[in-house]
Structure formats: C-alpha cells, structure tokens
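Every letter in the sequence shown is one number past the one before it in our numbering, and letter 15, counting from 1, is 26. Cβ atoms here follow ideal geometry from the backbone N, Cα and C, with glycine treated the same way. Bear in mind that the values here come from a model prediction, so they are computed numbers and not experimental data.
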Amino acid sequence: MSDIASLNVSSLAPLTHLGELSVEEFIADYWQQKPVCIRNGIAFQQALIGVDELAGLALEAEVESRLIENKGDIKDWQVIHGPLTDADFNKERDFPWTLLVQGVDCFVPEAHDFLAKFRFLPSWRLDDLMISYATKGAGVGAHYDRYDVFLIQGEGQRQWQVGQTCSEHSALMAHDQLCLLQDFELHQEFTLNPGDMLYIPPLVAHKGVAVSDACVTYSVGFRSPSHGDVLTTFADERNLDISADLRIKDNGFTASSGAISADDVAGLMQLMRDQITPENVAQWFGKYSTEAKYPALDMAEEAMDQNELDSIIADNYGVLRVSEGVRLAYTWQGDGGMTLFIQGEALPCPPQATSFVEAIADQWLIEVDELGVLVEDDASKAMLLILHNQGYLYFADE
Ligand code: SIN
Ligand code: CO
C-alpha cells in the first residue's frame, strides 16, 4: 500500500498522483475527455464523516440533502428533499434507499480538507463534496451530469456502469424529480472498493448500484459554468459600472427604413467588444467564481485585534486555515496590483500583503511559524484581520 496517496488530513497538499497516474498524465489524457477508473487512488486512514453525523447533517435546514427510495418501478421512485426528519430515518424500509448530502465540505473540516486534495486543478473549479450512503441494491439511476465528477468509494462496494455521451436531446424518463435516462448504452463496468475512484467527464451517462450494505461514495464535483451563464453574468456585472447616460449613437443611415443595417450591427458589436478587456473579465470572473455556494451560512468568527494577532504569531503554534465553505482566488492586474476575490467580493490588496494573500489562496493553510514573515507590516496584518474577522479564515491547532 506504500505507493498509494494516503490521506493525511492535517496536510492540504494537492494530490500529485491518482493511483499510478501522475496528475499531469491524468489532465493530458482524461480530464474533460474520457472516463477512467483509478484503483487505489486514495487510501483513507479513516472515514471523512460517520454515518450518524451524515444523517445529522441531513436534518439541518441549511444543508441540501435528498433521500431516494428505490421502491417499485423507476417512475415511482420517491425523492424526499431535506431537511429530513428523525421519522425519515426511523422508518423501516424493505427496499433499497440512498441518502445524498451535498456540500459536506462547507460543514465538516475533514471533508473540506479532502476537497483540497483536488487542487491540482484550479481551486475555482471545485464545487463541492457530496457524500452518499446507500443500502445494498440502492442507486440513483442512470443519468448524466453537466460537470466533471470524481466518484470515490469511501466504504463498502459499488458497481458503476459507464455509458454513452449524452446531450440536451437525450430522452429522459417521465419522472418529475429525477432526470433519469430512458436509454443507457453500457460501455464499461467497474466494481469500486474503498479507495478506488472513477472519473466521469461532463455529459457521460453513469449508473451506480450499491453491491454492499453501508456503501458510502464521495463525489467531488466541479463547477462548469454554461456559456449562457458566462455571458449573462458578465453583462450583469458590467451593467453595474456603466452609466445609464451612455446610449447607442447612430453613424449615418444608409439602409431602408425597415431594415436593421450592417452598420447598426457593427456598432453594437463594437460596444460589446469595448467591454471585453482583460481587467473587466478578470474582475467579473473573480467575483463570479468565488460566490459562496451557500451565501446564507454564518461565517462570523470572534473578532481579533492586532495585539491578539501579534501574540498568536509570537506563540508560534498552530495554523491559519481557510474556513469551510469559503471560496477565494486572486488575480494580478497589468499594473502589477493584486485583487483578492473572496465569497464574491473583490478586495484590492496592498502591495505588502500580496505574499500573504498568495500563500493563503494557494495553500488554504499557513503554519503560524511561517506567518511571521508573511505579515510583518501593519498593512498585511490588517488584511489578515479583515479576512479573519469576517470569518473567512480561522486559527486552529492543526
Ligand atoms: C451517488 O453517490 O449515488 C450518485 C453520485 C452520482 O452519480 O453523481
Ligand atoms: Co452523477
């Protein structure tokens, strides 16, 4: 087992290998191209979350969860949306069922750290960690997702079937809550044991069935904004900055009265092109890509002042961590300035704070004994305190 990447929760270093594949080989040959089953991709030292804790999360109002019952015909499968109740769990079921809990990384530090392992891809791409718990024979049916996903077996065994590449034209079953494929062409089949993982690119049909009881699957899902979302959210962001006094100007009239001329169209295209500058696109994308998955989650940490920060640094103990559920990224502008984007907000960084911001955004964790040199001056300490006091960062033992 020594060549298997072993999960050490106190280290947030991204994986360098997926089983025998280096991440470079994986990205070149499979990422967004074709499915691949990776045996012994990750060895778990312990489960990321206990089954009772997972069920407990599903009872919480701020947690997205579903329970899918495979009772009778597929069209009759029941979906119970969370928050679930004790009665949902105490109910005797003599048919298979699956509990799916979304965004576990926003609530459980070990799950957040697990997601961090996938930062061999840009972290803005990471969406969430979903965890499912299934009884023997349970599954959510044949479907496709529009995003990349790693399906990692945590406990028990699951059989996965991988099928055709789908599209919006693929026929779906008549079910008002589940998007299940009417046709599934079996291409590949794998039985996953704990530590095995299956990568599925967007649109590729897949179907998993638990072949043991207590089958736990970790799904690392990625963000894949649609082209439509890119255009509409960019336009919405620009609209915040553009004066309503600016109106379309005419450039002479050459066409017939009933026509929209080629000049009209060219003028409109120019107006749009003028907005597409590297700075405008980076500012919009930084905010857009770091928007919180669950904006209503309360992040507030107990406020700290500079004296308290100085004494933590002097104590030289512990780590500074990015809070669970916080998304952050930075860009460099053409003039050498840096902007930090965090939970959808843009924060210009003073030049003294750029090394600190780069370190926390790249690593998600800084040892306190490395913090001293990163935040030596008041400007970078102030930046750290702003982020800490908003609850975006916190100090912990490890
Ligand atoms: C599951 O964990 O049962 C379903 C995950 C998926 O197919 O995306
Ligand atoms: Co899926």
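When secondary structure is reduced to three states using DSSP, M208 falls in the strand class. In the DSSP assignment, W295 falls outside any beta strand (DSSP E) and within the unbroken alpha helix (DSSP H) covering 289 to 300. Leaving aside the five residues that flank N204 on each side, the residues in its chain whose CB is nearer than 7 angstroms to its CB run, in chain order, Q164, Q168. Within the DSSP bridge table, the entry for M349 names W343, C360 as partners. Taking non-hydrogen atoms of the ligand CO into account, the C-beta of V160 is found less than 7 angstroms away from one of them. Cα atoms of A54 and N250: separation of roughly 48 angstroms, rounded to the nearest angstrom. When DSSP states are grouped into helix, strand and coil, Q281 belongs to the helix group. Ranked by Cα distance from M280, the first of K260, W295, Y299, A293 is K260. In this structure, D156 has its CB closer than 7 angstroms to one or more heavy atoms of the ligand CO. By a beta-carbon distance limit of 8 angstroms, Y41 contacts Y210. Their separation comes to about 6 angstroms. Cβ-Cβ distances below 8 angstroms link Q344 to E290, A293, T350 in the same chain, with the five nearest sequence neighbours on each side left out; the list follows chain order. Under the DSSP assignment, G232 falls in the beta strand (DSSP E) whose first and last residues are 226 to 233. Between A340 and W108, the C-beta gap is not smaller than 8 angstroms, which leaves the two residues out of contact.
Between the ligand SIN and the CB of G219, the shortest heavy atom gap is smaller than 7 angstroms. Comparing C-alpha distances from V330 to each of Y299, E356, P362, Q374 shows the shortest one belongs to Q374.
DSSP places E35 within a helical segment (H, G or I) once states are collapsed to three.
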